[in-house]
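A short write-up of the structure that comes next.
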Amino acid sequence: MTYVIPSIDIRHGRCVKLVQGRVGSGMVVSDDPVSVARMWEAEGAKALHVVDLDGALEGRMANWPIVRRVLKEVDVPVEVGGGIRSPKDASKVIGAGARWVILGTVAVERPELVKGICEAVGPEGVILALESRKGTVVARGWAARYEMTPLSLARRYEPLGVAAYLYTAVDVEGTESGIDAAAAHRLVSSTRVPVIYSGGVSSLRDVAQLARIGVRGIVVGSALYRGRFALKEAEEVADRAAG
(Lines of atoms letter the chains of each structure in order from A and count residues from 1; the text may use other names and numbers.)
(Lines give C-alpha, C1' and ligand atoms only; values in the text may rest on other atoms or scores of the structure.)
Protein backbone atom coordinates (compact mmCIF):
# COMPACT_ATOMS: atom_id res chain seq x y z
CA MET A 1 0.00 0.00 0.00
CA THR A 2 1.13 3.54 -0.78
CA TYR A 3 -0.02 6.37 1.48
CA VAL A 4 -0.63 9.94 0.32
CA ILE A 5 0.61 12.24 3.09
CA PRO A 6 -0.36 15.94 3.19
CA SER A 7 2.48 18.23 4.23
CA ILE A 8 2.29 21.03 6.77
CA ASP A 9 5.42 23.17 6.61
CA ILE A 10 5.64 25.79 9.36
CA ARG A 11 7.56 29.06 9.07
CA HIS A 12 7.12 32.04 11.39
CA GLY A 13 4.09 30.31 12.86
CA ARG A 14 2.26 29.92 9.56
CA CYS A 15 1.65 27.03 7.19
CA VAL A 16 3.63 27.74 4.01
CA LYS A 17 4.97 26.07 0.88
CA LEU A 18 8.43 27.00 -0.34
CA VAL A 19 9.77 26.55 -3.86
CA GLN A 20 12.99 24.51 -4.04
CA GLY A 21 13.55 25.25 -0.35
CA ARG A 22 14.23 28.94 -0.95
CA VAL A 23 13.32 31.17 1.97
CA GLY A 24 10.81 33.81 0.88
CA SER A 25 9.54 31.78 -2.08
CA GLY A 26 6.22 30.01 -2.49
CA MET A 27 3.01 30.87 -0.71
CA VAL A 28 1.35 31.19 2.68
CA VAL A 29 -1.30 28.49 2.99
CA SER A 30 -2.75 29.50 6.34
CA ASP A 31 -1.98 31.51 9.45
CA ASP A 32 -3.16 28.54 11.52
CA PRO A 33 -1.27 25.27 10.94
CA VAL A 34 -3.38 23.51 13.57
CA SER A 35 -6.58 24.15 11.61
CA VAL A 36 -4.86 22.83 8.48
CA ALA A 37 -3.98 19.63 10.33
CA ARG A 38 -7.58 19.25 11.48
CA MET A 39 -8.77 19.79 7.90
CA TRP A 40 -6.58 17.00 6.53
CA GLU A 41 -7.67 14.65 9.29
CA ALA A 42 -11.31 15.43 8.48
CA GLU A 43 -10.63 14.68 4.81
CA GLY A 44 -9.36 11.24 5.72
CA ALA A 45 -5.58 11.61 5.73
CA LYS A 46 -3.91 8.47 7.04
CA ALA A 47 -0.79 10.37 8.16
CA LEU A 48 0.57 13.92 8.25
CA HIS A 49 4.01 15.33 7.44
CA VAL A 50 4.87 18.29 9.70
CA VAL A 51 8.12 20.23 9.32
CA ASP A 52 9.38 23.18 11.36
CA LEU A 53 11.20 25.08 8.61
CA ASP A 54 12.60 27.65 11.02
CA GLY A 55 13.85 24.78 13.15
CA ALA A 56 15.61 23.19 10.20
CA LEU A 57 17.40 26.46 9.46
CA GLU A 58 18.19 27.41 13.06
CA GLY A 59 19.04 23.99 14.46
CA ARG A 60 16.40 24.13 17.18
CA MET A 61 12.67 23.43 17.41
CA ALA A 62 11.64 27.03 16.79
CA ASN A 63 7.90 26.37 16.28
CA TRP A 64 7.57 23.70 18.94
CA PRO A 65 4.44 25.16 20.64
CA ILE A 66 2.57 24.96 17.32
CA VAL A 67 3.87 21.49 16.48
CA ARG A 68 2.85 20.30 19.95
CA ARG A 69 -0.68 21.66 19.41
CA VAL A 70 -0.94 19.82 16.11
CA LEU A 71 0.04 16.59 17.84
CA LYS A 72 -2.53 17.22 20.56
CA GLU A 73 -5.37 18.07 18.19
CA VAL A 74 -5.19 15.21 15.67
CA ASP A 75 -5.36 11.45 16.08
CA VAL A 76 -3.71 10.37 12.82
CA PRO A 77 -0.03 9.37 12.83
CA VAL A 78 2.31 12.34 12.36
CA GLU A 79 5.93 12.48 11.23
CA VAL A 80 7.75 15.56 12.56
CA GLY A 81 10.99 17.11 11.33
CA GLY A 82 12.95 20.32 11.63
CA GLY A 83 15.46 21.19 14.33
CA ILE A 84 15.56 17.78 16.02
CA ARG A 85 19.21 17.52 17.00
CA SER A 86 19.43 15.25 20.06
CA PRO A 87 17.92 12.21 21.79
CA LYS A 88 16.25 14.64 24.20
CA ASP A 89 14.59 16.51 21.33
CA ALA A 90 13.42 13.27 19.74
CA SER A 91 12.05 11.93 23.01
CA LYS A 92 10.14 15.17 23.56
CA VAL A 93 8.53 14.97 20.12
CA ILE A 94 7.59 11.30 20.44
CA GLY A 95 6.39 11.88 23.99
CA ALA A 96 4.06 14.63 22.73
CA GLY A 97 2.36 12.20 20.37
CA ALA A 98 4.35 12.04 17.13
CA ARG A 99 4.66 8.59 15.58
CA TRP A 100 8.02 9.37 13.95
CA VAL A 101 10.80 11.95 14.08
CA ILE A 102 12.53 12.95 10.84
CA LEU A 103 16.31 13.33 11.05
CA GLY A 104 18.08 15.28 8.33
CA THR A 105 21.10 17.33 9.34
CA VAL A 106 22.19 15.00 12.14
CA ALA A 107 22.04 12.05 9.75
CA VAL A 108 24.57 13.79 7.52
CA GLU A 109 26.82 15.38 10.14
CA ARG A 110 26.47 13.34 13.35
CA PRO A 111 26.03 9.60 12.76
CA GLU A 112 26.61 8.88 16.45
CA LEU A 113 23.59 11.04 17.32
CA VAL A 114 21.40 9.03 14.97
CA LYS A 115 22.32 5.90 16.89
CA GLY A 116 21.62 7.67 20.18
CA ILE A 117 18.22 8.83 18.96
CA CYS A 118 17.37 5.31 17.77
CA GLU A 119 18.27 4.02 21.23
CA ALA A 120 16.11 6.72 22.85
CA VAL A 121 12.91 6.32 20.83
CA GLY A 122 13.47 3.04 18.99
CA PRO A 123 14.50 2.79 15.32
CA GLU A 124 10.84 2.24 14.42
CA GLY A 125 10.22 5.84 15.51
CA VAL A 126 12.88 7.31 13.22
CA ILE A 127 12.66 8.42 9.58
CA LEU A 128 15.91 9.48 7.93
CA ALA A 129 15.75 12.33 5.43
CA LEU A 130 17.64 11.92 2.17
CA GLU A 131 17.42 15.40 0.69
CA SER A 132 18.92 15.80 -2.76
CA ARG A 133 19.81 18.72 -4.99
CA LYS A 134 21.41 17.93 -8.35
CA GLY A 135 22.17 14.41 -7.16
CA THR A 136 24.01 15.27 -3.95
CA VAL A 137 22.83 15.46 -0.36
CA VAL A 138 21.76 18.77 1.19
CA ALA A 139 20.81 19.61 4.79
CA ARG A 140 20.52 22.53 7.25
CA GLY A 141 17.27 23.63 5.71
CA TRP A 142 18.63 22.68 2.28
CA ALA A 143 21.23 25.45 2.60
CA ALA A 144 24.32 23.20 2.94
CA ARG A 145 25.55 20.75 0.32
CA TYR A 146 27.60 17.61 0.98
CA GLU A 147 29.76 15.43 -1.23
CA MET A 148 27.68 12.28 -0.97
CA THR A 149 24.71 10.82 -2.78
CA PRO A 150 21.36 9.99 -1.20
CA LEU A 151 21.99 6.30 -1.90
CA SER A 152 25.35 6.30 -0.13
CA LEU A 153 23.73 7.97 2.88
CA ALA A 154 20.93 5.40 2.83
CA ARG A 155 23.38 2.50 2.78
CA ARG A 156 25.24 3.95 5.77
CA TYR A 157 22.15 3.62 7.94
CA GLU A 158 20.43 0.53 6.55
CA PRO A 159 21.67 -1.73 9.40
CA LEU A 160 19.87 0.44 11.99
CA GLY A 161 16.42 -0.70 10.86
CA VAL A 162 14.78 2.73 10.82
CA ALA A 163 11.11 3.08 9.90
CA ALA A 164 11.69 4.69 6.50
CA TYR A 165 13.79 6.93 4.32
CA LEU A 166 12.23 10.22 3.27
CA TYR A 167 13.64 11.15 -0.14
CA THR A 168 13.12 14.80 -1.11
CA ALA A 169 13.89 15.99 -4.63
CA VAL A 170 14.74 19.57 -3.65
CA ASP A 171 15.20 20.69 -7.27
CA VAL A 172 11.47 20.25 -7.88
CA GLU A 173 10.12 20.73 -4.34
CA GLY A 174 7.13 23.07 -4.38
CA THR A 175 7.31 23.57 -8.15
CA GLU A 176 4.59 21.11 -9.24
CA SER A 177 6.85 20.45 -12.22
CA GLY A 178 6.90 16.67 -12.01
CA ILE A 179 8.65 14.04 -9.96
CA ASP A 180 12.15 12.61 -10.05
CA ALA A 181 10.95 9.11 -10.87
CA ALA A 182 14.41 7.80 -11.70
CA ALA A 183 15.75 8.72 -8.26
CA ALA A 184 12.73 7.18 -6.55
CA HIS A 185 13.12 3.94 -8.49
CA ARG A 186 16.86 3.80 -7.82
CA LEU A 187 16.35 4.16 -4.08
CA VAL A 188 13.42 1.74 -3.82
CA SER A 189 15.30 -0.92 -5.78
CA SER A 190 18.51 -0.49 -3.78
CA THR A 191 17.32 -0.71 -0.18
CA ARG A 192 15.08 -2.85 1.99
CA VAL A 193 13.98 0.20 4.01
CA PRO A 194 10.58 1.64 3.01
CA VAL A 195 10.85 4.87 1.00
CA ILE A 196 8.67 7.96 1.30
CA TYR A 197 8.92 10.36 -1.65
CA SER A 198 8.55 14.15 -1.65
CA GLY A 199 9.04 16.77 -4.36
CA GLY A 200 7.37 17.99 -7.53
CA VAL A 201 4.16 15.94 -7.34
CA SER A 202 1.78 17.80 -9.65
CA SER A 203 -0.76 15.31 -10.97
CA LEU A 204 -2.53 12.05 -10.32
CA ARG A 205 -0.26 10.56 -12.97
CA ASP A 206 2.72 11.36 -10.72
CA VAL A 207 0.94 9.69 -7.81
CA ALA A 208 0.26 6.57 -9.87
CA GLN A 209 3.83 6.37 -11.13
CA LEU A 210 5.29 6.61 -7.63
CA ALA A 211 2.88 3.97 -6.34
CA ARG A 212 3.91 1.62 -9.16
CA ILE A 213 7.57 2.22 -8.33
CA GLY A 214 6.80 0.98 -4.84
CA VAL A 215 7.25 3.93 -2.51
CA ARG A 216 5.52 3.52 0.85
CA GLY A 217 4.37 7.12 1.08
CA ILE A 218 3.99 10.21 -1.11
CA VAL A 219 4.24 13.60 0.59
CA VAL A 220 2.13 16.16 -1.26
CA GLY A 221 1.89 19.86 -0.54
CA SER A 222 1.48 22.48 -3.27
CA ALA A 223 -0.64 20.30 -5.56
CA LEU A 224 -3.18 19.72 -2.79
CA TYR A 225 -3.20 23.30 -1.59
CA ARG A 226 -3.64 24.64 -5.13
CA GLY A 227 -6.46 22.19 -5.83
CA ARG A 228 -4.75 20.20 -8.58
CA PHE A 229 -6.47 17.13 -7.16
CA ALA A 230 -8.22 16.07 -3.96
CA LEU A 231 -6.66 13.92 -1.27
CA LYS A 232 -9.31 11.22 -1.72
CA GLU A 233 -8.67 11.10 -5.47
CA ALA A 234 -4.94 10.69 -4.90
CA GLU A 235 -5.47 7.92 -2.36
CA GLU A 236 -7.74 6.02 -4.76
CA VAL A 237 -5.22 6.36 -7.59
CA ALA A 238 -2.37 5.21 -5.34
CA ASP A 239 -4.35 2.18 -4.17
CA ARG A 240 -5.14 1.10 -7.73
CA ALA A 241 -1.60 1.64 -8.99
CA ALA A 242 0.02 -0.16 -6.08
CA GLY A 243 -2.16 -3.15 -6.80
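Each residue of the sequence shown is one higher than the one before, counting from 2 in my numbering.
Every residue gets a Cβ at the ideal spot worked out from N, C-alpha and C, and that includes glycine.
The structure presented is a predicted model; accordingly, all values stated were derived computationally and were not measured.
So is residue i buried or exposed if we call it buried at 16+ other beta carbons inside 10 Å?
i    : result
E234 : exposed
A145 : exposed
R156 : exposed
K18  : buried
A231 : exposed
R227 : exposed
A183 : exposed
S8   : buried
G105 : buried
G45  : exposed
P34  : buried
G244 : exposed
H13  : exposed
G218 : buried
S203 : buried
Identify, in the order they occur along the chain, each residue of the same chain with its Cβ nearer than 7 Å to the Cβ of residue i, setting aside the five sequence neighbours on each side.
i    : result
D181 : A170, V173, G200, G201
E59  : G84
A38  : I9, L49, V71, E74, V75
A63  : D53, D55, G56, G84
Looking only at its own chain, which residues have a Cβ that is under 6 Å from the Cβ of residue i, when we skip the five neighbours before and after it?
i    : result
I95  : V122, G126
Y166 : L129, L131, A155, V194, V196
E236 : V5
R15  : V29, D32
R248 : There is simply no residue 248 to check, as the chain begins at 2 and stops at 244 in what is shown.
P124 : L161, G162, V163
E110 : none
L47  : Per the sequence shown, the amino acid found at residue 47 is Lys instead of Leu. So the qualifying residues of the chain are Y4.
A239 : T3, V5, V208, A212
P112 : none
A140 : G105, T106, V109
So is the beta-carbon of residue i under 6 Å away from any non-hydrogen atom of the ligand PLP?
i    : result
V202 : The ligand PLP is not among the ligands present in this structure, which contains no ligands whatsoever.
Quick one: measure Cβ to Cβ for residue i and residue j, integer angstroms, because I've assumed they're closer than 8 Å.
i    : j    : result
R69  : A97  : 5 Å
D10  : E42  : Not really, about 17 Å apart at Cβ, beyond 8 Å.
T3   : V189 : The Cβ separation is near 11 Å, so there is no contact.
Y147 : Y168 : At roughly 15 Å, the Cβ-Cβ gap does not stay under 8 Å, so Y147 and Y168 are not in contact.
A99  : V79  : 5 Å
P88  : I118 : 5 Å
Does any C-beta atom of chain B lie closer than 7 Å to the C-beta of residue i?
i   : result
V51 : Chain labels in this structure do not include chain B; a single protein chain is all it has.
Quick one: what's got a C-beta closer than 8 Å to residue i's C-beta in the same chain, skipping five residues either side?
i    : result
R187 : L152
S92  : A121, V122
Exercise. Does the segment 52-62 come close enough to the segment 79-87 to have 3 or more Cβ pairs within less than 8 Å?
Worked result: They touch, by the three-pair rule.
Problem set entry | Inter-stretch contact (C-beta, 8 Å, three-pair minimum) for the segment 122-140 and the segment 150-157 | yes
For this session: Report the residue ranges of all alpha helix (DSSP H) runs contained in full by the segment 112-136; include only those spanning at least 4 residues, in chain order.
Result: 112-122
Problem set entry | Every unbroken beta strand (DSSP E) inside the segment 130-207 [3 residues or more] | 137-140, 165-170, 196-199
For this session: Scan the segment 28-59 and note each continuous alpha helix (DSSP H) run of 4 residues or more that stays entirely inside, going in chain order.
Result: 34-43, 54-59
Exercise. What runs of the alpha helix (DSSP H), each 4 residues or longer, lie entirely inside the segment 71-111?
Worked result: 88-96, 106-110
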